[in-house]
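S.K.:
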Amino acid sequence: MTSADGHADLLGPLPREAGACALIIQGLLLHEHLAAPAYGITLSAEQRAESQIRPAEEMLERLRARGAQPQAGLPVEERLVGTCRNFSVLFVAMLRAQGIPARARCGFGGYFVPGFFEDHWVAEYWSEAEGRWVRVDAQIDDVQRRLLRIDFDVLDVPHDRFLIAGDAWARCRAGEADPAAFGLSLLKLSGLWFIAGNLLRDAAALNKVEMLPWDVWGAMPGPDEPLGEEQLAFFDHIAALTRAPDASFDELCALYQGDERLRVPATIFNAIRNQPETI
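For our numbering, add 109 to where a residue sits in the sequence shown, where the first one is 1.
(1) Kindly confirm or deny that the segment 151-159 and the segment 206-216 touch, where touching means at least three C-beta pairs closer than 8 Å.
(2) Using C-beta distances below 8 Å, list every residue in its chain close to residue 387, excluding the 5 sequence neighbours before and after it, in chain order.
(3) Which runs of the alpha helix (DSSP H), 4 residues or longer, sit entirely within the segment 188-245?
(4) Helix or strand or just coil, what does DSSP make of residue 169?
(5) Specify, as a first and last residue, the run of the alpha helix (DSSP H) that residue 140 falls within.
(6) So, residue 381 versus residue 323, is the Cβ gap smaller than 7 Å?
(7) Which whole-angstrom value is the C-beta distance of residue 163 and residue 321, which I expect to be below 8 Å?
(8) Tell me whether the segment 113-120 and the segment 168-175 touch, counting them as touching only if at least three CB pairs, one residue from each stretch, are closer than 8 Å.
(9) Looking at C-alpha atoms only, which residue of 182, 312, 378 is the closest neighbour of residue 137?
(10) Taking Cβ to Cβ, would you say residue 303 is nearer than 7 Å to residue 247?
(11) Please work out which residues of its chain come closer than 8 Å, Cβ to Cβ, to residue 352, disregarding the five sequence neighbours upstream and downstream, and give them in chain order.
(12) Alpha carbon to alpha carbon, what distance is there between residue 134 and residue 206?
(13) Check each candidate in 296, 220, 287 and name the one with the smallest Cα separation from residue 255.
(14) Here's the rule I'm using: 16 or more other beta-carbon atoms within 10 Å means buried, otherwise exposed. How should residue 358 be labelled?
(15) Please identify the residue among 268, 185, 126 whose C-alpha is closest to the C-alpha of residue 200.
(16) For a test of the three-state rule: what should DSSP assign to residue 401, helix, strand or coil?
(17) Which runs of the alpha helix (DSSP H), 4 residues or longer, sit entirely within the segment 288-348?
(18) Would you call residue 361 buried or exposed, if buried means 16 or more other Cβ atoms sit within 10 Å of its Cβ?
(19) What do you reckon, are the CB atoms on residue 282 and residue 328 nearer than 7 Å?
(20) Indicate whether residue 288 and residue 309 have their beta-carbon atoms separated by less than 7 Å.
(21) Quick check on the DSSP output: the beta strand (DSSP E) that includes residue 124 runs from which residue to which?
(22) Which stretch, first to last residue, makes up the beta strand (DSSP E) that contains residue 386?
This is the structure:
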């Protein structure tokens, strides 16, 4: 999903610096659900449909068709519409094009709705200088920083402000957090079942298959579905692997390739469009 393929030339001349790449993306993309409240832009149905784009290559194709030059950006009303996942995927594509190890992570942000961890995606890149993965929220620009009253560095997101799905799962299973505080507040969806879905999305992303936030497949539970002991054990295992993806990388990849409960199939279910789709 993060391959630039025929549009790699758009990414080649970009700076090898995470903050600069985040600024570039913020000038090219517009968050679907923040367009009106944050930027005063009313989106058409056609624009909203751009949030359904999965591969970075198609995002770049659309941007090229609009005459976008990455470092120049686009007027707000002409930007490609997406969600946090699109920002993260394009950010990862940009860094990988510069030879910087990067990956998208699916989980929950605790800085959107007070007392709630919202369904969210960020990115991580490997800092050679610091010897660690640095977590970046490429979506949060100056407008959103003021609107959301962000009080931390979005180029180095604290791990207690964004929880990868595995950490959210572990906290809830240990009784340290309430599953009802994790989900999608806009649609009043939350619970352990929701966290389990994001666990699979994060595991797929670690295998370089970054799906849409509403793509459903495999072992993902349905809304408010009670989880049995076998399901809980399965998700406990996935959580453990995704919480330490470097140490467990080989096992996670083997499980992803060999277990149809986890692996993204050729056809998934798009919950927003309420239809199966071939990817």
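Even for Gly, the Cβ is constructed at its ideal location relative to N, Cα and C.
M.R.: So, to answer that:
(1) no
(2) Within the sequence shown, numbered from 1, the residue matching residue 387 stands at position 278. Here the set comprises 375, 376.
(3) 193-206
(4) On the sequence shown, position 60 is the one that residue 169 refers to. In this structure, residue 169 counts as helix in the three-state DSSP scheme.
(5) On the sequence shown, position 31 is the one that residue 140 refers to. Per DSSP, residue 140 belongs to no alpha helix (DSSP H); it is in the beta strand (DSSP E), 138-140.
(6) Against the sequence shown, residue 381 aligns to sequence position 272. Against the sequence shown, residue 323 aligns to sequence position 214. The answer is yes: Cβ separation under 7 Å.
(7) One-based indexing of the sequence shown puts residue 163 at position 54. One-based indexing of the sequence shown puts residue 321 at position 212. With a Cβ gap of about 6 Å, residue 163 and residue 321 count as contacting.
(8) yes
(9) For the purposes of this step, residue 137 is identified with residue 28 of the sequence shown, where counting begins at 1. The residue with the shortest Cα to Cα distance from residue 137 is 182.
(10) As a position in the sequence shown, residue 303 is number 194, starting the count at 1. As a position in the sequence shown, residue 247 is number 138, starting the count at 1. Going by C-beta atoms, residue 303 is not nearer than 7 Å to residue 247.
(11) The residue you call residue 352 lines up with position 243 of the sequence shown. These residues qualify, in order along the chain: 273, 275, 276, 279.
(12) Numbered from 1 along the sequence shown, position 97 holds the residue referred to as residue 206. Numbered from 1 along the sequence shown, position 25 holds the residue referred to as residue 134. One C-alpha to the other measures close to 14 Å.
(13) As a first step, residue 255 is located in the sequence shown; it is residue number 146 there, counting from the start. Residue 220 is the option with its Cα nearest to residue 255.
(14) By 1-based counting over the sequence shown, the position of residue 358 is 249. Flag for residue 358 reads exposed.
(15) Residue mapping note: residue 200 aligns to position 91 of the sequence shown, counting from 1. The shortest C-alpha separation from residue 200 is found at 126.
(16) What the structure shows of the chain is the stretch from 110 to 388, and residue 401 is not part of that stretch, so it cannot be assessed.
(17) 301-315
(18) Within the sequence shown, numbered from 1, the residue matching residue 361 stands at position 252. It is buried - the Cβ of residue 361 has at least 16 other Cβ atoms within 10 Å.
(19) Along the sequence shown, one-based indexing puts residue 282 at 173. Along the sequence shown, one-based indexing puts residue 328 at 219. Not in contact: residue 282 and residue 328 (Cβ atoms no closer than 7 Å).
(20) If you number the sequence shown from 1, residue 288 lands on position 179. If you number the sequence shown from 1, residue 309 lands on position 200. No. Outside cutoff.
(21) Along the sequence shown, read from residue 1 onward, the residue named residue 124 stands at position 15. Careful: residue 124 lies outside any beta strand (DSSP E) and carries neither H nor E.
(22) Locating residue 386 in the sequence shown gives position 277, counting from the first residue. Looking at the DSSP string, the run of the beta strand (DSSP E) that includes residue 386 is 384-387.
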